[in-house]
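Working notes for the structure below.
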Amino acid sequence: MASLWRYVLAGLGLAALLAGILAAVYLTAPRLASPEVARSKKTTNGLFVASFEPERGVIRQGELQSWLLTLKTGAGTPVEGAGITISGGMPRHRHGLPTSPQATDYLGDGCYRIDGVKFTMSGLWQLHFAISAAAGSDTVVFNVLL
Amino acid sequence: MNRFSRLFGLLAMGVLAGCGKPEFSDAEKKTIASLALSALPPPKTDTTNRFADVPAAAGLGATLFFDVGMSGDGKVSCSTCHKIDRQFQDDLPQAVGVGRTNRRTMPLAGVAHDPFFFWDGRRDSLWSQALAPLENPLEQAGNRAAYAHYIKARFGERYERIFGPLPDLSTVPANASPLGSDAEKAAWSTMTKAQAEGVNRVFANIGKAIAAFERSIAPPQTRFDRFAAALATGIQLPQGDVAFSPEEILGLKLFIGKANCVTCHTGARFTDGSFHNTGVPPVANLPADRGRIDAVAQVEADPFNCFGAFRDGDASACGELRFMVKAGPELARAYKTPSLRGAATRPPYMHAGQFSSLEEVVAHYSTAPASVEGISEIHPLQLSDRERAALVAFLKTLAE
Chain B
20 MASLWRYVLA
30 GLGLAALLAG
40 ILAAVYLTAP
50 RLASPEVARS
60 KKTTNGLFVA
70 SFEPERGVIR
80 QGELQSWLLT
90 LKTGAGTPVE
100 GAGITISGGM
110 PRHRHGLPTS
120 PQATDYLGDG
130 CYRIDGVKFT
140 MSGLWQLHFA
150 ISAAAGSDTV
160 VFNVLL
Chain G
1168 MNRFSRLFGL
1178 LAMGVLAGCG
1188 KPEFSDAEKK
1198 TIASLALSAL
1208 PPPKTDTTNR
1218 FADVPAAAGL
1228 GATLFFDVGM
1238 SGDGKVSCST
1248 CHKIDRQFQD
1258 DLPQAVGVGR
1268 TNRRTMPLAG
1278 VAHDPFFFWD
1288 GRRDSLWSQA
1298 LAPLENPLEQ
1308 AGNRAAYAHY
1318 IKARFGERYE
1328 RIFGPLPDLS
1338 TVPANASPLG
1348 SDAEKAAWST
1358 MTKAQAEGVN
1368 RVFANIGKAI
1378 AAFERSIAPP
1388 QTRFDRFAAA
1398 LATGIQLPQG
1408 DVAFSPEEIL
1418 GLKLFIGKAN
1428 CVTCHTGARF
1438 TDGSFHNTGV
1448 PPVANLPADR
1458 GRIDAVAQVE
1468 ADPFNCFGAF
1478 RDGDASACGE
1488 LRFMVKAGPE
1498 LARAYKTPSL
1508 RGAATRPPYM
1518 HAGQFSSLEE
1528 VVAHYSTAPA
1538 SVEGISEIHP
1548 LQLSDRERAA
1558 LVAFLKTLAE
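Protein sequence lines correspond, in order, to chains B and G. Each residue of the first sequence is one higher than the one before, counting from 20 in this note's numbering. Each residue of the second sequence is one higher than the one before, counting from 1168 in this note's numbering.
Rendered as structure tokens:
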């Protein structure tokens, strides 16, 4: 009986060792850095707080969609009359956007409609906004992961 | 066996089970489901063509599609290159109509889903696309005045039941077009504005009828779709009639994984409908071909484009043209991502039939040579011979 216990203990010991090795491997393995995909952030020089989201709430791959870019000052005042130019692309695939999105409408309360946004493939997309308003000019980059 | 060794056995099994991977991860299953034919919605309503879903228009369109009378020499129809029993393509590296063109004929299954047409997207609707070969001297080599006369003489009653009264063509020259020979251009310039508009209207309606027919050409179910449907029911690995061989499974995993094929060959048609430079070499002795970069001006200048006078509905349908990318280095030698459904049984491949087999295609994407102009978007893959063969085996499941 005593020898059986020894086997069991040895077995459990081996299992624990294996679990320890697996845990060490999994915990120390380099992880793919998951990109930052915040929908709201400060612009590069901190001039504005920008938020960017699909007008209908969901991203549909392969379809032209309208998105909303909302611009406020740090104090929360809506930014009106801003000039906005948009560029971007997929950094990993060395190509730009499949369309040329434009700010087509001002909806009030700092909110601009960005029309002609289309994501044709899955992966990481970047949208660069150059914003100029009375308060000054600034840029912001939004990551969109499909 | 006593209970201690049983306990030990269970423990060992548990450890082993924890290490074993299921055949497909949840992420892979999601991607596979997105590629299945069942994920393809019906083509969107084309508001620029109010006859797009009118059966009589599709019927007339089918007649015109197969009618060799719709050509300058009376010998060529749409179906000369878009052969109905060959996936609506012709198996040739470059299409041959009245003359030899410099591009591969595109198959038509699911074509109504495209935002732009031709390999370079030089037209922005199915109906405006159908007009281009009719007047191209290398394809059907006709002219719009002759087509209008032909429609009146041959299909006048059918046409008028669908589109309304034909214009008075009694004083319209027999042959005239703003794009034709010098004589045809000269004849076109003698026409009144009303005459030209009347002919253009009939010409546009010919395109709208052919487009209505082409909308009905849908991709068929394949072995891949049956496999995907079984997988979607929760089966870990479909068996029996719908099973994939280990090689096909490896090919599918590579396609949606390491080989990155699915980034462009995405969705149920296996295409993103967009334009990419993938470093496909030009063909010697063909005219210079720069792909999308030269097509932008052509689609903008086309009087039958979405902003033109012959569009039905309002301009809200013109988003693709309005927000089109008009410049940029990535447009050089960029060509449309072709659908891969049925591709295995229709070599040769690429926009001018550059590759004669799927093995050559996979070798190209594996080595990713630089483009002769612009920058190729693809990166070398380092696929083993076994992996390349597996990709080809998977592609064949899209044509069975």
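For glycine and all other residues, C-beta sits at the position ideal for the given N, C-alpha and C. If you're wondering where the values come from, they're calculated on a predicted model, not measured in any experiment.
- A check of alpha carbon separations from G:D1234 across G:P1222, G:C1248, G:V1221, G:A1223 identifies G:C1248 as the nearest.
- The beta carbon of G:S1523 lies closer than 7 Å to those of P1514, P1515 in the same chain, with the five residues before and after it left out.
- For a Cβ distance threshold of 8 Å, nothing in chain B lies close to G:E1540: the least Cβ distance comes to about 15 Å.
- In terms of beta-carbon proximity, G:F1191 stays away from the interface with chain B, with every pair separated by 8 Å or more.
- Counted as a single uninterrupted DSSP element, the beta strand (DSSP E) harbouring B:N162 occupies residues 155–164.
- Between B:D124 and chain G, the shortest Cβ-Cβ separation is not below 8 Å.
- Sorting G:R1436, G:G1520, G:W1286, G:E1540 by C-alpha distance to the C-alpha of G:A1200 places G:R1436 at the top.
- Counting only runs of at least 4 residues, the stretch 1361–1412 of chain G fully encloses the following alpha helix (DSSP H) elements, listed from N- to C-terminal order: 1390–1399.
- Residue pairing of B:V68 in beta bridges, as defined by DSSP: B:K61, B:K91.
- Bounds of the beta strand (DSSP E) holding B:C130 are 130–136.
- Within chain G, no residue has its beta carbon less than 8 Å from that of B:T104; the closest one is some 14 Å off.
- Taking C-beta atoms as the reference points, G:G1241 and G:A1462 fail to come closer than 8 Å.
- Every alpha helix (DSSP H) stretch that sits fully inside the stretch 1424–1475 of chain G and reaches 4 residues is listed by chain position as 1459–1468.
- Within the same chain, and ignoring the five residues on either side of G:F1255 in sequence, the residues whose Cβ sits closer than 6 Å to its Cβ are H1249, P1274, L1275.
- With respect to G:F1391, G:P1405 sits apart: the two C-beta atoms are not nearer than 8 Å.
- Within 7 Å of the CB of G:R1489, the CB atoms of chain B belong to G135, in sequence order along the chain.
- Inter-segment contact for the stretch 1475–1493 of chain G and the stretch 1546–1556 of chain G is absent: fewer than three beta-carbon pairs are separated by less than 8 Å.
- DSSP places G:A1556 within a helical segment (H, G or I) once states are collapsed to three.
- Between G:L1231 and G:A1379, the CB-CB gap reaches or exceeds 8 Å.
- Annotation for G:I1329: the continuous alpha helix (DSSP H) segment containing it runs 1311–1330.
- Contact between the stretch 1263–1274 of chain G and the stretch 1334–1349 of chain G is not established, with fewer than three Cβ pairs separated by less than 8 Å.
- In the three-state DSSP reduction, G:G1228 falls in the helix class (H, G or I).
- Taking CB atoms only, G:D1439 has a neighbour in chain B less than 8 Å away.
- The bridge partners DSSP lists for B:W144 are B:V163.
- For B:V56, the closest C-alpha among the options B:G142, B:A149, B:I150, B:S151 is that of B:G142.
- When secondary structure is reduced to three states using DSSP, G:H1531 falls in the helix class.
- Using a Cβ-Cβ cut-off of 7 Å, B:S141 is close to T1430, T1433 of chain G, given in chain order.
- If you ignore the 5 residues before and after G:R1253, its C-beta comes within less than 6 Å of no other C-beta in its own chain.
- In the DSSP assignment, B:D124 falls within the unbroken beta strand (DSSP E) covering 121–127.
- In the displayed model, B:G32 falls within a helix according to three-state DSSP.
- Any Cβ of chain G closer than 8 Å to the Cβ of B:H114 would place that residue at the interface, and such an atom is present.
- By the rule that beta-carbons nearer than 8 Å mark a contact, B:Q121 touches chain G.
- Annotated as distal: G:L1227 and G:R1368, with beta-carbon spacing of 8 Å or more.
- Of the residues assessed, G:Q1388 falls on the exposed side of the cut-off, its CB having fewer than 16 other CB atoms within 10 angstroms.
- G:A1223 and G:T1215 have their C-alpha atoms spaced approximately 18 Å apart.
- At a cut-off of 8 Å between beta carbons, G:K1420 makes no contact with chain B.
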